[in-house]
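Below is one structure, written out as structure tokens, with a few remarks after it.
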Amino acid sequence: MTEETFGPAFGRRAFLSGAAALAASAALWPKAMQAQAADRTFAASLGWTTYDSGRHLQDGFTAAVAELGGSLTTTDAGFDARVQSDQIDSLVASRPDALFITPADAVAIAPAVQRAIAAGIPVFCADSAVPGSTVTTTAMSNNYGMGVHSCEFICKAIGGKGKIARVMLPQNESWDQRTLGMEWVLRGYPEVEIVTEWAFALAGNVTPRQAVDNILTSNPDIDAIWCAWDGAAVEGTLAARAAGRDDLIITGIDGGSQAFNYIASDTPLKLSMAQSFYEMAYSCVFYAHESLAGRNTPRLIVTPTYAVVKDMLQAGIPDDFDVPGRGAELGWVRAV
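Letter by letter, the sequence shown follows residues -37 to -1, 1 to 299 of mature numbering (1 follows the signal peptide of the UniProt record, and there is no 0).
Written out as structure tokens, the structure reads:
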């Protein structure tokens, strides 16, 4: 993220975080925009607020509105697309100036999103694109690219030959893109064999921990497990340790303090593709203000993803790595 993207004020502020950033922002943001933005009302339909990802998204929305102006009403769907669709309709009825959405299931909530747009509410999405909807701006990671990078990591770590398993979530279109990226890489490694796989179902009874327990029991000689998200990677790590498989290589996607702690502690979890959830949310709020001021906004923003391994955590476990500019301050280089 550069100074040119958000303007000089944001560029200077990007290297601050927490209370320092909020204290400095009032002085840096133009007074005319502060006054104009103070009366704006925003609503956020959050697909979830649990896990590090949900917390960082919520923090990004909250901090950006506090910093850039306006008021914010939020709802939490708890990963339930039907609940989120109803919540979107309720928020639209309150006529906010803009609506922010983190989709629990982008395909399932698409009709509700389109209803919001048809009602004249500008919509800004974080984390997932909503198919078939003319959303003003979407800020998200390159899901396909994260699948490519994490699978490439495994293939190189096992010397281009071996047996692997994978834990997927095909029910969610964005997460399924990660699996497609993983499959693309395997075309270049014919001696890497997927010996078993498990597809997680949001309404299912089997947990990732139970699934990996079963995988290791049935395939005790596998070399690695590729996971489509960090929750599965963390639970898979617990299963691997219980099975005495500290030599196993596990990768995940999401980032955050929980995964980072496992990576730093020499567990089987070796890599997390750490997404910039805070920046996704912050970008949505910023460009909502820009749009409401009559300025052009980008249709799609691909926010930074960092391939986090143990060496990057020697100085500690950062919880603010996805605040704009903080990754550069840590010396982290964008991987995707």
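C-beta: ideal position from N, C-alpha, C; glycine also. Please read all numbers here as calculations on a predicted model, not as lab measurements.
What separation, rounded to the nearest whole angstrom, lies between the Cα atoms of tyrosine 14 and tyrosine 250?
-> It is roughly 26 Å from the alpha-carbon of tyrosine 14 to the alpha-carbon of tyrosine 250.
Since valine 76 contacts isoleucine 51 with CB under 8 Å, what's their CB separation in whole angstroms?
-> 7 Å
Assigned secondary structure, tryptophan 295 (DSSP; H/G/I helix, E/B strand, else coil) = coil
Given residue 374 as reference, the closest of Glu30, Gly32, Thr25 and Pro85 once Cα atoms are compared = This structure leaves residue 374 out entirely; the chain is present only between -37 and 299.
Range of the contiguous beta strand (DSSP E) that encloses aspartate 39 = 34 to 39
Please classify proline 94: is it buried, with 16 or more other beta-carbons within 10 angstroms of its beta-carbon, or exposed?
-> exposed
Is the beta carbon of leucine 31 sitting closer than 8 Å to the one on alanine 81?
-> no
Consult DSSP for leucine 62 and reduce its assignment to one of helix, strand or coil.
-> Leucine 62: strand per DSSP, three-state reduction.
CA-to-CA distance, valine 272 to phenylalanine 284, given in whole angstroms | Each residue's alpha carbon lies about 14 Å from the other.
DSSP state of glutamate 154 mapped onto helix, strand, coil | coil
In angstroms, rounded to a whole number, what distance separates the CA positions of tyrosine 152 and alanine 89?
-> So the two alpha carbons sit approximately 33 Å from each other.
Touching or not, the stretch 96 to 106 and the stretch 235 to 246, by the rule of three or more beta carbon pairs under 8 Å?
-> yes
Those residues which DSSP pairs with phenylalanine 42 across a bridge | In DSSP, phenylalanine 42 forms no bridge with anything.
Examine the Cβ distances between the stretch 259 to 278 and the stretch 176 to 190 and report whether three or more of them are shorter than 8 Å.
-> no
Which residue spans inside the stretch 248 to 272 form an unbroken beta strand (DSSP E) run of at least 3?
-> If we require 3 residues or more, the beta strand (DSSP E) runs fully inside the stretch 248 to 272 come out as 263 to 265 and 268 to 271.
Are the beta-carbon atoms of glutamine 21 and leucine 9 separated by less than 8 Å?
-> Yes, these two residues count as a Cβ contact at 8 Å.
Nearest-angstrom Cα distance between alanine -3 and asparagine 259?
-> Residue placement at alanine -3 cannot be trusted, given a pLDDT of 49 that sits under 50; what the coordinates show is reported in the next sentence. So the alpha carbons of these two residues sit roughly 21 Å apart.
Excluding five sequence neighbours on each side, which residues of the same chain lie with their C-beta closer than 6 Å to the C-beta of arginine 262?
-> none
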